[in-house]
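When we follow our numbering, the leftmost residue of the sequence shown carries the number 182, and every step to the right adds one. Positions of the beta carbon are idealized from the N, C-alpha and C atoms, including for glycine.
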Amino acid sequence: MKLVHISDLHFPVPLPFSSLKGKMIPGYLNYTFRRRKKYPISLWHAIVRKIEEVHPDAVVISGDITNVSHIREYNRSLEILKPVLNEKTFMIPGNHDRYTKQATYGKELPYYEKFFSTWMGEEVTEPRGYLRAKKIGNLALVGWDSNMPLSVLNAYGYVSEEVVHSTLEYLEREKIDHYFLICHHPIWNPPERQESPGHRMRNREKIATLLKKRPPIAYLHGHVHTNWVKAPGPDKPFYVVNSASSTRIADPKHESGFHILDWNGKELDIQRFTFSLEKGEFILANTILYEEEKETDGR
Ligand SMILES: [Fe+2]
Ligand SMILES: [Fe+2]
């Protein structure tokens with residue numbers, strides 16, 4: 182089974198300043214000055230072309246489609262992503278898609294659900310929190326939502342233990358042996374890419390301990406804008422794959438790109454692709470692999 186994993190697309194659409202409220206103002210200014218030039222729309226078109234070309238069995242998008250959860254960002258990103266949104270697609274939100282209370286706790290559906298619920302999988306029965314899944318043959322894609330609207334200075338994540346327990350019960354009930362777990366926040370970071378408490382998933386060690394009962398093939402995430410892959414180890418006996426930020430131009434601090442994961446029922450093969458400015462296309466690149474699970478470099 183061939184799975185394309187993309188993340189943190191951060192759709193680059195200019196927004197009228199008068200339409201911004203509260204936290205969206207500093208958020209949009211931050212995006213305009215720090216990120217906008219790094220996210221040309223041509224990369225969105227190139228990634229859509231690449232996905233169509235590889236004919237995957239599944240496409241996973243692990244959050245941060247938008248920058249400030251503006252309705253216009255949702256409208257335009259839906260339009261551009263349309264060619265790759267189909268029965269094979271599975272997507273979850275990121276913290277930028279739950280940026281404001283208005284976008285998250287609206288009178289009707291949250292904005293993310295309003296635009297993308299068709300591709301967010303099935304709600305697992307009796308969920309104690311956000312838990313969605315999509316079955317592909319005898320394999321499952323399981324999605325969590327680690328996000329909530331926070332102050333502009335914070336971007337941390339949290340997934341309740343109840344959601345982890347519900348996930349394990351669901352896998353047991355449905356007799357699913359193999360699954361991919363998708364969540365926006367990392368459950369592991371390389372030593373040189375550690376996150377501050379205001380940015381990381383707060384209870385991730387507890388979650389990892391619970392997952393040991395029934396580990397996924399791989400934990401797919403984004404949030405930190407540089408790619409990596411961690412091999413299975415004693416504490417986290419599964420791959421950890423970061424495909425953020427797929428639509429960003431790479432620089433020495435940001436190894437941008439995405440991954441294609443090939444599962445043959447026993448082993449996982451992972452390939453990384455990055456955008457080539459010369460060719461104007463995504464090309465095969467070195468996988469940034471960590472064999473060691475330790476998060477400190479021993480100093
Ligand atoms: Fe992001
Ligand atoms: Fe994020």
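| Check | Outcome |
| --- | --- |
| Secondary structure of T390, DSSP reduced to three states | helix |
| Stretch-stretch touch, CB-based, cutoff 8 Å, three pairs: the segment 449-461 with the segment 343-350 | no |
| Alpha-carbon spacing of S199 relative to S332, whole angstroms | 21 Å |
| Ligand 2 heavy atom lying under 6 Å from the CB of H406 | no |
| Validate contact between the segment 399-412 and the segment 432-447 using beta carbons, cut 8 Å, 3 pairs | yes |
| Beta carbon of P397 nearer than 7 Å to that of Y339 | no |
| Spatial distance of F296 from Y286 (CA atoms) | 15 Å |
| Distance between beta carbons of G203 and N248, contact taken as under 8 Å | Not really, about 15 Å apart at Cβ, beyond 8 Å. |
| Straight-line gap, I363 to G379 (C-alpha atoms, nearest Å) | 21 Å |
| Whole-Å CB distance - S424 paired with S243, under 8 Å assumed | 7 Å |
| Collapsed DSSP secondary structure at D358 in the structure displayed | coil |
| Stretch pair the segment 410-419 + the segment 430-437: three plus CB contacts closer than 8 Å | no |
| D278: CB within 6 Å of a non-hydrogen atom of ligand 2 | no |
| Integer-rounded CB distance, given that F192 should sit under 8 Å from I228 | Not confirmed; about 12 Å, so no contact. |
| Selected residue, minimal CA-CA separation from L465, among P221, K231 and L322 | K231 |
| Contact set for T299: own chain, Cβ-Cβ below 8 Å, skip 5 residues either direction | L266 |
| Cutoff 8 Å; reference G318; Cβ partners in own chain excluding five residues on either side | M182 |
| Contact check, H366 vs S327, beta carbons under 7 Å | yes |
| Every unbroken alpha helix (DSSP H) inside the segment 366-433 [4 residues or more] | 385-392 |
| Distance cut-off 6 Å: D432 Cβ against heavy atoms of ligand 1 | no |
| Those runs of the alpha helix (DSSP H) which lie wholly inside the segment 221-309 and span at least 4 residues | 222-235, 252-262, 282-285 and 292-297 |
| Closest by C-alpha distance to A240, when choosing among E254, P221, M301 and A284 | Ala is not the amino acid found at residue 240; the sequence shown has Val there. When each option's Cα is compared against that of V240, the closest is M301. |
| Contact test: G318 Cβ vs ligand 2 heavy atom, cutoff 6 Å | no |
| Burial state of K460 (16 or more Cβ within 10 Å) | exposed |
| Short Cβ contact (7 Å threshold) for L391 with V344 | no |
| Length of the line joining the Cα atoms of A314 and H186 | 16 Å |
| C-beta contact flag for P372 and D278 at 7 Å | no |
| R385 burial status per 10 Å Cβ neighbour count (16 or more: buried) | buried |
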